[in-house]
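Using the working numbering, read the sequence shown as starting at 37 and increasing by one per residue.
Even glycine gets a Cβ: it sits at the ideal position worked out from N, Cα and C.
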Amino acid sequence: MNLELTRLKTKDSPDLGSFDWSDPFRLSDLLADHESMIKESAATFSKEALMPRVVEGFAGEEVCPEIFLEMGKMGLLGITIPEEYGGLGANYVSYGLVA
């Protein structure tokens, strides 16, 4: 008797044999293009501009108000505010990705 596990694979099913620690639930596959762009923009800003200043500010017990101005210019603050009021009009998935 052969007890090997047989996997049925369709063209749309993911490769269950691999595991991605950075996205264990494969949520990136569910994002729309505009959501992916917002996610990448927020992640890049966080790594390159935000993180160094937060670490420095924490060590010196200071707040850097310029961070909020830059986030506002990028549209990351008030991301769900409709466009007619100056926001991006993004959905709450995008809001969660920025948070």
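- Task: With a cut-off of 8 Å on the beta carbons, I'd call Ile74 and Leu133 a contact; round off their distance for me.
- Result: The pair is a contact, with the Cβ atoms about 6 Å apart (cut-off 8 Å).
- Query: Should Ala68 be labelled buried (16 or more other beta-carbon atoms within 10 Å of its own) or exposed?
  - Reply: Classification of Ala68: exposed, given that the 10 Å Cβ count is below 16.
- Message: Quick check on Ser64: does DSSP put it in helix, strand or coil?
- Response: Per DSSP, reduced to three states, the secondary structure at Ser64 is helical.
- Item | Three-state secondary structure assigned by DSSP to Ile74 | If DSSP states are grouped into helix, strand and coil, Ile74 belongs with the helices.
- Euclidean distance between Cα positions of Gly93 and Ile103: For Gly93 and Ile103, the distance between alpha carbons rounds to 11 Å.
- Task: Return helix, strand or coil for Gly132, following the three-state DSSP convention.
- Result: Secondary structure of Gly132 (DSSP, three-state): helix.
- Message: Please report the distance separating the alpha-carbon of Tyr131 from that of Ile115.
- Response: Looking at the two C-alpha atoms, the distance is approximately 6 Å.
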